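*Asks:* Have a look at the structure that comes next, please.
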Amino acid sequence: MDTLLFVLIPVFPIIAFLVIAFLGNSMKESGGYVALVMELISFIISIYMFVGVLTVPSYSVDKYMIWFSLSHGPTFEIGMLIDGFTAIMIFIVNLVGFLVILYSLGYMHADPGLARYYAEISLFIAVMNGLVLSDNLFELFIFWELVGLCSYLLIGFWYRKPEAAKAAKKAFLVTRVGDVMLLFGMIILLYQSHTPLALNFNQLYSWAATSKFSSAELTTLTAATFLVFGGAMGKSAQFPLHVWLPDAMEGPTTVSALIHAATMVKAGVFLIVRMMPLLQYTPATELIIAVIGGFTAFFAATMGLVAPDIKRVLAYSTISQLGYMFLALGAGSAGAAMYHLMSHAFFKALLFLAAGSVIHAVNTQDLHKMGGLFTKMKITAVTMLIGGLSLSGIPPFSGFFSKDLILDVVLQKGLNNPVYMVLYILAVLTVLLTAFYMFRLWFLAFMGKPRGYDEKHVHESPGVMVVPLIILAIFATFSWMFLLLPSFSQILGISLSLNIPTMLIGVSLGLVGIYVSYMLYSAGIPKKFTSVVMKQIHNILYRKYWFDEVYGAFSIYIIYGFAKLVSMFDKYIIDGVIDGIAAGGVMLSSSLYPIGKGLVKNYVTLIISGLIITFILLIYVSPFLYGGGI
Amino acid sequence: MNEVVLLSLSGILLGLGLYGVLTKKNIILTIASIEIMINSAIFNFIIFSSYNNNPAGDVVALFFIALAASEVAVGLALALMMFRIKKTLNIDVMNSLRW
Amino acid sequence: MFLTVILLALSFLAIIFAIGMLYSREIVHAVIYIAGLFIILGLIYFMLDNTFLGAVQILIYGGAVTVLLMFGVMLTKREIMDKKESITTEYEYVVLIALTISIYIGTLFTVSSYPLSIYYMSMYTLSTVLFNSFIGAFVVMGVIIMSSIIGAIYMVKEVE
Chain A
1 MDTLLFVLIP VFPIIAFLVI AFLGNSMKES GGYVALVMEL ISFIISIYMF
51 VGVLTVPSYS VDKYMIWFSL SHGPTFEIGM LIDGFTAIMI FIVNLVGFLV
101 ILYSLGYMHA DPGLARYYAE ISLFIAVMNG LVLSDNLFEL FIFWELVGLC
151 SYLLIGFWYR KPEAAKAAKK AFLVTRVGDV MLLFGMIILL YQSHTPLALN
201 FNQLYSWAAT SKFSSAELTT LTAATFLVFG GAMGKSAQFP LHVWLPDAME
251 GPTTVSALIH AATMVKAGVF LIVRMMPLLQ YTPATELIIA VIGGFTAFFA
301 ATMGLVAPDI KRVLAYSTIS QLGYMFLALG AGSAGAAMYH LMSHAFFKAL
351 LFLAAGSVIH AVNTQDLHKM GGLFTKMKIT AVTMLIGGLS LSGIPPFSGF
401 FSKDLILDVV LQKGLNNPVY MVLYILAVLT VLLTAFYMFR LWFLAFMGKP
451 RGYDEKHVHE SPGVMVVPLI ILAIFATFSW MFLLLPSFSQ ILGISLSLNI
501 PTMLIGVSLG LVGIYVSYML YSAGIPKKFT SVVMKQIHNI LYRKYWFDEV
551 YGAFSIYIIY GFAKLVSMFD KYIIDGVIDG IAAGGVMLSS SLYPIGKGLV
601 KNYVTLIISG LIITFILLIY VSPFLYGGGI
Chain B
1001 MNEVVLLSLS GILLGLGLYG VLTKKNIILT IASIEIMINS AIFNFIIFSS
1051 YNNNPAGDVV ALFFIALAAS EVAVGLALAL MMFRIKKTLN IDVMNSLRW
Chain C
2001 MFLTVILLAL SFLAIIFAIG MLYSREIVHA VIYIAGLFII LGLIYFMLDN
2051 TFLGAVQILI YGGAVTVLLM FGVMLTKREI MDKKESITTE YEYVVLIALT
2101 ISIYIGTLFT VSSYPLSIYY MSMYTLSTVL FNSFIGAFVV MGVIIMSSII
2151 GAIYMVKEVE
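Chains as they are written, first to last, in the numbering used here: chain A, 1 to 630; chain B, 1001 to 1099; chain C, 2001 to 2160.
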């Protein structure tokens, strides 16, 4: 393989970005075709990389060039690390990116901000590819911030809508908490590792493998890895930084599919995958990752049960599935996480795009206003059903295999460690919840009777939107076949081994969830709960455990209060000193005001008197004080 | 002895020029007094240049002479401006430095 | 000794001219006194074997500056013809300045060693230094004089 060719993967989308950003307003719709063609080229190169790596599973090449070096300090470089994980991730990013741009041609048709949309999405794909190709943490961090920027811009794409602007701001600020943690983690690692190339992944691995850590050093390393995980927590919307992702659904649905389901939120998982060789020395961080991941999986799924908005249900589902991936990472299996990442990228992108197709048809996101769409939008309904089955872990869809792998991994770990056993039970319960909320969504949208939308205008979406759905449905169904390739299994370190009891538990719980939602929702919206307890639970879930309120109160009372205190300090103490100096000058000047009378010669007299006194002091007094003479 | 005489002369001329600057009411005489002061400074340069055999002092003196000449030109232009605006040459009329 | 006597005489004359300038009632007389002072200073330069600067002093100060002052007097003569300068001695200034200058002269006597002889400063030496070491300053000086002259012309230009 010609490694240098892969530099071009981010370059083509960047070209598209520049072209559309500068010429987009005169190009209108054709800007989309520029983005599409450029992304197609990148996609072809990434297929080449994927196939190449599959033929040589142990492939791992680090190509870099020195960027700058500090004297007596580390040398910073930029480069590409190409191995199995990179190839899989690049393949996912570019496949989904290509399909989403194709879909956008139909979905975003005649939007006034079209040029901005294509420019930003091309930029996003470019920097996401850069993130995946990065061979050191420093470079990764730069791209990490850039994808955050693109996410901000695209969530706030319809910036005239106040909710969208608010959601963009919220996403930016909440992920920033994680980014700061990541930065601190990086700094600690940089100072601890002293590798010749700063924060280069391969050198970090060999550093961790060769050095004998004292307990104090291990504590530092634990802090560093935990802080790095903090960054992943922000980007991948893990509890307690999950609050931004549901609100991010204010952006266009394509953006939700690409950025907030398939690629960017996976950056956190990818980062932890890259850090795995370090994590194995810090079991405390692994445990934290597993706990947060397992808890988030369950916690987000409960909120998804009652969400009224079709996209928000999917957003909670994304958070929950990301929790699964972190659970697998915490259980020490990068391969299971990576494989679930892959199948999740396909079926979640599919679900989002299908939801987009529905929204395109009925012009609302409220599930309570849909219903009975199955006969009108058959392809959308069937592809979404495939996505839903895959998400719920029903065989033979790929979601079944990936979820089963994770459950298996956690169970193996749980046999020795009770904490993991609890997490396993949570994960299994989450399977039930997942199946329930997913089919609640599907039944509410496609079954029952129409509930308040304009039926005459509803029709199946155009071809450019349907084709990506079908392609993604194929991937969502058959991507488990990758596991049949020995090289693929070798890269991930996993195999298609079916653990019958785990599998039976997972599938049966999934089927129970589907059955319950069928009973409740197939005929339309059920009656309100009557029992007080159920009402209370519903209320808690509907209000999202009051997280927004708590965070809002925290920022208003504590952070804003502190800011006010600082502002008072600035206003009265710092400004007071400066104003005092100025006031003293004014007072001095007004006391000297009557002396000169405005006549030049008076001033000259004063100046010359001062000069004479100075010279007399210099000649006659300073020799006595400091020695010397004239 | 010679050098003491010459340096004393330079100092006395400086004092007389200063006195002129401070007391003369007519702006043209003020400018003339300033010329005396500059001349005493140039004189000082030349004395030391001659006694130390260092031509740098002479060069500086030459520059000062040129500068003083242009200064006189500017000063007289100012005097004419003042005469045109205030219709007088009395320097005590110019008291707008403080307002 | 001979040189000392001449220098003392010239110094005395210079002081007389300076005081005369300060105490003349007619402003034209004051300008004539100052011209005399400049020329005496030029003569002292000749006595110090610095012939070139002596010549420059007499030409520029004794000639050009004096003539400029004369023109200033001429152009504003309405007032000058009408009014005589009022001569008063302001003793506070006299005391201040006299004190300072006497301190200065006093210090001159305390200095123990002066260089002994006067060196002849040839024009050749002077021009060599001027156009080698100081050529940059020389050019800058030309620019300054040019701009000040332009500024002066701009100021006195008749305003419509």
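We put the CB at the ideal spot given by N, CA and C, even for glycine.
Please read these numbers as outputs of a predicted model, since none were measured by experiment.
Could you work out which residues of chain C lie near I616/A, taking near to mean beta carbons separated by less than 9 angstroms?
*Replies:* What I616/A touches in chain C: T2100 and I2103.
*Asks:* Could you tell me which chain B residues have their CB closer than 9 angstroms to the CB of V604/A, listed as they occur along the chain?
*Replies:* L1018, V1021 and L1022, listed in chain order.
*Asks:* Report the partner residues of V228/A according to the DSSP bridge assignment.
*Replies:* Paired residue(s): none; V228/A is not in a bridge.
*Asks:* State the Cα-Cα distance for the pair V458/A and L241/A, rounded to the nearest angstrom.
*Replies:* So the alpha carbons of these two residues sit roughly 38 angstroms apart.
*Asks:* Give the secondary structure of M377/A by DSSP, where H, G and I count as helix, E and B as strand, and everything else as coil.
*Replies:* Coil at M377/A, not helix or strand.
*Asks:* Grab me the residues of I2006/C's own chain with a C-beta within less than 7 angstroms of its C-beta, minus the 5 sequence neighbours each way, in chain order.
*Replies:* The residues are M2047.
*Asks:* Can the beta-carbon of V273/A be found closer than 8 angstroms to that of F482/A?
*Replies:* No, they are not a contact pair.
*Asks:* For N2050/C, count neighbouring C-beta atoms within 10 Å of its own C-beta (all shown protein chains included) and say buried if the count is 16 or more, exposed if not.
*Replies:* Looking at its Cβ environment, which holds 16 or more other Cβ atoms inside 10 Å, N2050/C is buried.
*Asks:* Measure the beta-carbon distance from V467/A to T263/A and round it to whole angstroms, keeping in mind my assumption that it falls under 8 angstroms.
*Replies:* No, V467/A and T263/A are not in contact; Cβ-Cβ is about 20 angstroms, not under 8 angstroms.
*Asks:* Within a Cβ cutoff of 7 angstroms, which residues of the same chain sit near D366/A, ignoring the five residues on either side of it in sequence?
*Replies:* Once the five neighbours on either side are set aside, the close Cβ partners of D366/A are P308 and D309.
*Asks:* Please list the partners that N1095/B has in chain C, where partner means a Cβ-to-Cβ separation under 7 angstroms.
*Replies:* Result: empty, since nearest Cβ-Cβ is about 18 angstroms, beyond 7 angstroms.
*Asks:* Taking 8 angstroms as the cut-off, decide whether the C-beta atoms of I44/A and V34/A are in contact.
*Replies:* Not closer than 8 angstroms, so no.
*Asks:* Who are the Cβ neighbours of E1003/B in its own chain at under 7 angstroms, not counting the five residues just before and after it?
*Replies:* I1047 and Y1051.
*Asks:* Which residue's Cα is closest to the Cα of S26/A: I288/A, N94/A and P112/A?
*Replies:* When only C-alpha atoms are compared, the closest one is P112/A.
*Asks:* I want to see whether chain C comes within less than 8 angstroms of I9/A, judged by CB atoms only; does it?
*Replies:* Not an interface residue.
*Asks:* I'd like to know if the stretch 2100-2108 of chain C and the stretch 2006-2023 of chain C are in contact, where contact means that at least 3 CB-CB pairs between them fall below 8 angstroms.
*Replies:* Contact fails: fewer than three Cβ-Cβ distances are below 8 angstroms.
*Asks:* What does S2113/C reach in chain B if we use C-beta pairs closer than 7 angstroms?
*Replies:* Ordered by position in chain B, no residue passes the 7 angstroms Cβ test against S2113/C, which lies about 11 angstroms from the chain.
*Asks:* Distance cutoff 8 angstroms, beta carbons only. Does I612/A sit that close to anything in chain C?
*Replies:* Yes, contact with chain C.
*Asks:* With a threshold of 8 angstroms on Cβ separation, who are the neighbours of G2138/C within its own chain once the five nearest residues in sequence on each side are excluded?
*Replies:* Checking the sequence shown, residue 2138/C turns out to be Phe, not Gly. L2130 and F2131, listed in sequence order.
*Asks:* By Cβ distance below 8 angstroms, which residues in the same chain neighbour N1044/B in space, the five residues on each side in sequence not counted?
*Replies:* Closer than 8 angstroms at the Cβ level, and outside the excluded window around N1044/B, lie L1007 and S1010.
*Asks:* DSSP three-state call for E139/A: helix, strand or coil?
*Replies:* In this structure, E139/A counts as helix in the three-state DSSP scheme.
*Asks:* Starting from the Cα of L2031/C, find the closest Cα among V2067/C, L2075/C and I2145/C and give me that residue.
*Replies:* In the sequence on display, residue 2031/C carries Val and not Leu. Out of V2067/C, L2075/C and I2145/C, V2067/C has the C-alpha closest to the C-alpha of V2031/C.
*Asks:* Please compile the residues from chain B whose C-beta is within a distance smaller than 9 angstroms of the C-beta of I78/A.
*Replies:* Under the 9 angstroms cutoff, chain B gives no residues; its nearest Cβ is about 58 angstroms from I78/A.
*Asks:* Does the beta carbon of I607/A come closer than 8 angstroms to any beta carbon on chain B?
*Replies:* Answer no: the Cβ-Cβ gap between I607/A and chain B never drops below 8 angstroms.
*Asks:* Spell out a yes or no on whether the stretch 490-505 of chain A and the stretch 343-350 of chain A are touching, meaning 3 or more CB-CB pairs, one atom from each, closer than 8 angstroms.
*Replies:* Counting Cβ pairs under 8 angstroms, fewer than three are found: no touch.
*Asks:* Nearest-angstrom Cα distance between M377/A and M249/A?
*Replies:* Rounded to the nearest angstrom, the two C-alpha atoms are 23 angstroms apart.
*Asks:* In angstroms, rounded to a whole number, what distance separates the CA positions of M38/A and E29/A?
*Replies:* Spanning the two alpha carbons is a distance of roughly 15 angstroms.
*Asks:* Please state whether DSSP places K170/A in a helix, a strand or coil.
*Replies:* DSSP places K170/A in helix when its eight states are reduced to three.
*Asks:* What is the residue span of the alpha helix (DSSP H) that W442/A lies within?
*Replies:* P418 to F446 is the extent of the alpha helix (DSSP H) around W442/A.
*Asks:* Count the other CB atoms within 10 Å of the CB of I630/A; is the residue buried (16 or more) or exposed (fewer)?
*Replies:* At I630/A the pLDDT is 48, less than 50, meaning the model places this residue with poor confidence and gives no usable figure here.
*Asks:* Can you give the beta carbon distance from V1072/B to V2065/C, rounded, assuming they're within the 8 angstroms contact cut?
*Replies:* At roughly 5 angstroms, the Cβ-Cβ gap stays under 8 angstroms, so V1072/B and V2065/C are in contact.
*Asks:* Going by DSSP, what residue range makes up the alpha helix (DSSP H) through T75/A?
*Replies:* Premise fails: T75/A lies in the beta strand (DSSP E), T75 to I82, not in any alpha helix (DSSP H).
*Asks:* Taking 8 angstroms as the cut-off, decide whether the C-beta atoms of G231/A and G185/A are in contact.
*Replies:* In this structure, G185/A lies closer than 8 angstroms to G231/A by Cβ.
*Asks:* Among residues of its own chain, excluding the 5 on either side of G372/A, which ones have a beta-carbon nearer than 6 angstroms to its beta-carbon?
*Replies:* Excluding positions up to five away in sequence, the list reads G448, K449 and P450.
*Asks:* Just to confirm, is the Cβ distance from V516/A to F436/A under 8 angstroms?
*Replies:* In this structure, F436/A lies closer than 8 angstroms to V516/A by Cβ.
*Asks:* Interface residues of chain B around G2072/C at Cβ under 8 angstroms?
*Replies:* The contacting residues are I1028, I1031, L1076, A1079 and L1080.
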